[in-house]
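The structure under discussion appears below in the form of structure tokens.
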Amino acid sequence: MVYLNEVCVLDFNTGDKRQLWSTLRSVQRFLKAQGYKRGSRKGSSTYHLSKANAEARNAYVRRMNAIIDTTDRPHVVYTDESYIHHHYKSHHQSLYDPNDTQSTATKEKHKGRRYCFVAAMLDSPTMDSKIMALDIFTGGKSKAKEPKDYHGMFDTDYYVAWFKRLLDEMEASEIANAWIVLDNAKYHKSLPKSTPTSGRRKSVLVDACKAFDIKTTGNEYKSELWGLLSTYIKANIKPMIVDMAERRGHSVVFTPPHHSDLQPIETVWAIVKGEVGRQYDDMTKFPEVKVRLEAAFANLKPDSIKGCVRSVQEKLKLLHEHLAQVDALESESSAASGNSSDDDSDSD
113 MVYLNEVCVL DFNTGDKRQL WSTLRSVQRF LKAQGYKRGS RKGSSTYHLS
163 KANAEARNAY VRRMNAIIDT TDRPHVVYTD ESYIHHHYKS HHQSLYDPND
213 TQSTATKEKH KGRRYCFVAA MLDSPTMDSK IMALDIFTGG KSKAKEPKDY
263 HGMFDTDYYV AWFKRLLDEM EASEIANAWI VLDNAKYHKS LPKSTPTSGR
313 RKSVLVDACK AFDIKTTGNE YKSELWGLLS TYIKANIKPM IVDMAERRGH
363 SVVFTPPHHS DLQPIETVWA IVKGEVGRQY DDMTKFPEVK VRLEAAFANL
413 KPDSIKGCVR SVQEKLKLLH EHLAQVDALE SESSAASGNS SDDDSDSD
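First residue of the sequence shown? That's 113 in the working numbering, and the numbers climb one at a time after it.
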């Protein structure tokens, strides 16, 4: 509404609450009369990528696409976290009597407690694909004590300890010089605990500048000191797991935001959850879910895992071709625009 007021479609005093709410109600009635509805549109969702996210996507596609068909490609280890609810099932009762107007389908309100799990998935040119470092756990003694977002069940300390376990398993399996692929979760990018933060006292930031040999005049405000430090930290201090991986000879590759479809382990999660969900009935106890989940992981065949990877590789190829075509069209457009400008100059 503020925008409509700015472009003179509406005229009201934004500082007057009575006018503001009166105008809002009028706009709502108008939109309703025009047939607009509140809520999400049915169908697929799309994201408008920021420039930074688009650049991250392009860099990831270029890097991963380059190794798809090479004979000397590195081992790639995909990692991710997920969860499954006590009452998760892959089927729903959909049979109903169309003449029964009293019976209405209701949405489940209680999904029960959940098991969180984290694992890695190996894709190798010389070894069978497999699941590594699987860990399944609950995050609270009751449903009420669990965070709403399952990512809240993971933290830096837990993930660093799990990542060390993964590196140890990779070493035991003689997996060297691997690419470890993971998403941009906050705890994946945690810096060492000694790294200064913007919330620290000014004296701490001054000492940090001295420790990092950052030149200051002594007259800077705290915000200016943090600006100097944040620039240095971004350029010189690596996330803990990146440093851990590099010390073992591996590289960490972060997937681009909003592109979970480029993570083959997501498809593995769907396979595993589907197997657990198909076994659910009203008598299923919470501990049985873990037993079935462990069995579902154990039943994964190397060919099934490899198939998930191949599916994503096909998507990578298509996306790479699309981006290359976009570049070619933009180059042609720029060249045509340049020629047009030259012709105009000649005519003058």
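Glycine residues also receive a C-beta, built at the ideal position from the N, C-alpha and C atoms.
Find the nearest neighbour of residue i within the set the options, judged by alpha-carbon distance.
i: residue 330; options: 250, 396 and 315; result: 315
i: residue 185; options: 197, 265 and 238; result: 238
i: residue 250; options: 236, 234 and 229; result: 229
i: residue 387; options: 375, 196 and 434; result: 196
i: residue 289; options: 362, 435, 167 and 397; result: 362
i: residue 240; options: 416, 434 and 432; result: 416
i: residue 187; options: 273, 285 and 148; result: 285
i: residue 366; options: 132, 432 and 165; result: 165
i: residue 302; options: 348, 334, 352 and 378; result: 352
i: residue 338; options: 141, 321, 325 and 349; result: 321
i: residue 431; options: 247, 374 and 189; result: 374
i: residue 419; options: 293, 236 and 385; result: 236
i: residue 299; options: 403, 268 and 313; result: 268
i: residue 296; options: 281, 193, 358 and 380; result: 193
i: residue 293; options: 191, 422 and 129; result: 191
i: residue 248; options: 141, 390, 407 and 438; result: 407
i: residue 287; options: 389, 397, 141 and 357; result: 357
i: residue 334; options: 413, 355 and 317; result: 317
i: residue 405; options: 117, 146, 384 and 326; result: 384
i: residue 381; options: 336, 265, 246 and 291; result: 246
i: residue 439; options: 128, 133, 170 and 344; result: 170
i: residue 180; options: 427, 442 and 441; result: 427
i: residue 276; options: 305, 354 and 161; result: 354
i: residue 176; options: 332, 128 and 421; result: 421
If I follow the unbroken alpha helix (DSSP H) through residue i, where does it start and stop?
i: residue 242; result: First-last for residue 242: 242–249, but that is the beta strand (DSSP E), not the alpha helix (DSSP H).
i: residue 272; result: 268–284
i: residue 315; result: 314–323
i: residue 139; result: 129–145
i: residue 124; result: First-last for residue 124: undefined, no H or E at that position.
i: residue 379; result: 376–389
i: residue 407; result: 398–410
Starting from residue i, trace the beta strand (DSSP E) in both directions and tell me its first and last residue.
i: residue 332; result: Premise fails: residue 332 is in no beta strand (DSSP E) and is neither H nor E.
i: residue 227; result: 226–235
i: residue 294; result: 291–294
Tell me, to the nearest whole angstrom, how far the beta carbon of residue i is from that of residue j; I am working on the premise that it is less than 8 angstroms.
i: residue 308; j: residue 341; result: 6 angstroms
i: residue 200; j: residue 392; result: 7 angstroms
i: residue 278; j: residue 244; result: 6 angstroms
i: residue 360; j: residue 283; result: 7 angstroms
i: residue 435; j: residue 173; result: 6 angstroms
i: residue 131; j: residue 124; result: 5 angstroms
i: residue 242; j: residue 414; result: 6 angstroms
i: residue 225; j: residue 398; result: 6 angstroms
i: residue 364; j: residue 198; result: Actually they are not in contact, since the Cβ atoms of residue 364 and residue 198 sit about 34 angstroms apart, beyond 8 angstroms.
i: residue 379; j: residue 423; result: 7 angstroms
>> My parser needs the alpha helix (DSSP H) runs of 4 or more residues fully inside the stretch 341–370; what are they?
In response: 352–359
> Enumerated in chain order, which unbroken segments of the alpha helix (DSSP H) with a length of 4 residues or greater are wholly contained in the stretch 153–197?
Replying inline: 163–177
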